[in-house]
Amino acid sequence: MIRRIYYGWIIVAVAFVSMAFWWGINSSFSVFFVALLDDFSWGRGESAAIMSSAALVYTVMAPVVGVLIDRFGPRKIIVPGIVVLVAGLFLCTTIHSLGQLYFFYGLFVGSGLTSISMVAFTVIIAQWFEKKRGLANGIASAGMGMGMFLLVPLVQKVIFSMGWRGAYMVLGVMVAVVVLPLNYFFLKHKPRDVGLSVDGVARDPEMENTAKELAFRISNQTGPVVSFLKTGKFWALILFTAMSIMSIWILIVHSVRFLVDHGIDKMSAAFMFAMVGIISTVFRVFWGWLSDRMGRELTFTLGISCLILSILSLMLLSRTGFKPLALLFTLLFGMGWGVNSPIVAATAADLFRGKKFGLIYGLVECGIGTAGAFAVWMAGVIFDRTQSYQGAFILGIGTAVLSIFSIWVAAPRKVNAIRQPR
């Protein structure tokens, strides 16, 4: 007898493709950034802040999207959001000033991207998986790296042939043709919507009752709306996610420009950036799988250590001019960036999955968006004032170290030890 595939993996596939476009569009701003600076006499700080404005919109929209998905289901929220995204990309083809780009990209594209982002699909996947949560989130978030690998060089090629306006038009058409129908036809909210159970297997009532004994899990399920704000674990979760994303966003937005400044031609820099995406794709699955076995904290520590080494390789490149260090950066950044999304998503669900998880994870993404926006802007300001990225890289290393400390304080291992008794 041929066993039917668990529908949860279909949800993971939809998430993979959607997040490929989410992060592919996000990360392609790095090559748009270069083209816009060539066409307009804008400073790097004010130009990079366009990405910050989109991140701030994401910060505001993330908890809203999480709550609305929990209440109304994903399709009623995600599909209209995709329409807004398509409109925003088309509007970006018409800009002639920095203010217009802030409005069309920051507001329209920023809010539209939230609907196909990590917050949307983490909330959904938490409903479908528990034992294989790390793996499921790893596969879904691997779409981020794949989108970066495919879309960044594609955007660069379209910019060369059609200009950056044509590149925004191409992205809009692709989202309308691929992402919109995929989410409209295949998204389901919970396993019971299609007559299934979590992980596709029968639940163990004793294990479920044991998990519910946790005080913070109970407060999440039955207490006041914001009772989770009183728990130290919530704030440790916020801190570890926010600090890790600061390091990552500094590199995502500024690394291509850094490499070009240090003698790497634009196409090669874009290709290296795309390779970061494909490397992170492999490692998102690997880190997610490993965290189900080794634990979230140790897995995250190993991955962020790779991220720190990638920053050090850029600092060494700036001092020595030894261009092969750019390849080392590509490998290490792909490995280090890959650990972030699956561990953040799995850890949040380990600690707080329940009736308020959409709100809680939305607030986590608020912290991520705020920290990312600040880091991108600050790195640009540091460069404008010092004509060097060294200060920004030191900031990235410091926040990465703080993120490691914070996940050990959040301690998802203790939750899993109770939920999954030996």
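Add 14 to the 1-based position in the sequence shown for my numbering, that's all there is to it.
A virtual CB, placed ideally from N, CA and C, is assigned to each residue, including glycine.
Residue i to residue j span [Cα, whole Å]
i: S187; j: F122; result: Reading the sequence as shown, one finds Val at residue 187 and not Ser. Whole-angstrom Cα-Cα distance: 16 angstroms.
i: P426; j: I173; result: 44 angstroms
i: G246; j: L365; result: 11 angstroms
i: M308; j: W178; result: 44 angstroms
i: R206; j: R298; result: 28 angstroms
i: F242; j: Y375; result: 12 angstroms
i: A229; j: K244; result: Because A229 carries a pLDDT of 41, less than 50, the predicted location of this residue cannot be relied on, and the following value inherits that uncertainty. Each residue's alpha carbon lies about 11 angstroms from the other.
i: V28; j: V169; result: 23 angstroms
i: S55; j: A363; result: 45 angstroms
i: F199; j: G80; result: 20 angstroms
i: T128; j: L164; result: 20 angstroms
i: S131; j: M33; result: 6 angstroms
i: G126; j: V78; result: 13 angstroms
i: C380; j: L253; result: 11 angstroms
i: Y403; j: A393; result: 7 angstroms
i: V296; j: F118; result: 33 angstroms
i: V74; j: R310; result: 27 angstroms
i: G320; j: L330; result: Reading off the sequence shown, one finds Cys at residue 320, where the question assumed Gly. Those two C-alpha atoms are separated by around 15 angstroms.
i: I138; j: L82; result: 12 angstroms
i: K280; j: G120; result: 25 angstroms
i: F336; j: A283; result: 15 angstroms
Close-in-space but distant-in-sequence residues of the same chain around residue i (CB under 7 angstroms, 5 per side omitted)
i: R271; result: F47 and V48
i: K202; result: Y21, I25 and V208
i: T313; result: W301, L304, S305, V353 and I357
i: V133; result: A76, V79, G80, Y375, G376 and E379
i: F285; result: P167
Close-in-space but distant-in-sequence residues of the same chain around residue i (CB under 6 angstroms, 5 per side omitted)
i: E227; result: The pLDDT assigned to E227 is 45, lower than 50, so where the model puts this residue is not dependable; a value taken from the coordinates is nonetheless given after this. Taken in chain order, the list of residues that qualify is empty.
i: S13; result: Here the chain covers residues 15 to 436 and nothing more, so residue 13 does not appear.
i: I418; result: T315 and I318
i: M260; result: A385, A389 and T413
i: G124; result: A68, V71 and Y72
i: I396; result: G405 and A406
i: I264; result: A389, A393, A406 and G410
i: F343; result: S324, S327 and L328
i: G214; result: Y20
For residue j and residue i, believed in contact at Cβ under 8 angstroms, the rounded distance
i: L273; j: A340; result: 6 angstroms
i: A359; j: S155; result: 7 angstroms
i: G22; j: F143; result: 6 angstroms
i: V31; j: I96; result: Their Cβ separation, rounded to whole angstroms, is 12 angstroms, which puts V31 and I96 out of contact at 8 angstroms.
i: V43; j: M65; result: At residue 43 the sequence reads Phe, which differs from the Val that was named. That pair is a contact at about 5 angstroms.
i: L103; j: I109; result: Not a contact, Cβ separation roughly 12 angstroms.
i: S332; j: H276; result: 6 angstroms
i: W37; j: M162; result: 6 angstroms
i: L185; j: I39; result: 6 angstroms
DSSP state of residue i mapped onto helix, strand, coil
i: S129; result: coil
i: R18; result: coil
i: I278; result: coil
i: H203; result: coil
i: P356; result: helix
i: T334; result: helix
i: Q170; result: helix
i: T245; result: coil
i: I232; result: Interpretation of I232 is limited by its pLDDT of 40, a score under 50 that renders its predicted location unreliable; the figure taken from the coordinates is listed afterwards. Helix.
i: A288; result: helix
i: F143; result: coil
i: G368; result: coil
i: A150; result: helix
i: L377; result: helix
i: L210; result: coil
i: Y403; result: coil
i: A250; result: helix
i: P426; result: helix
i: G309; result: coil
Heavy atom of the ligand NAD within 7 angstroms of residue i beta-carbon
i: V166; result: The ligand NAD is absent from the structure shown, which contains no ligands of any kind.
Contact set for residue i: own chain, Cβ-Cβ below 8 angstroms, skip 5 residues either direction
i: E220; result: Because E220 carries a pLDDT of 49, less than 50, the predicted location of this residue cannot be relied on, and no value is offered for it.
i: L112; result: F54, W56, E60, S61 and I64
Q: May I have a chain-ordered list of the alpha helix (DSSP H) segments no shorter than 4 residues that lie completely inside the stretch 31 to 113?
A: 43 to 53, 58 to 86 and 89 to 106
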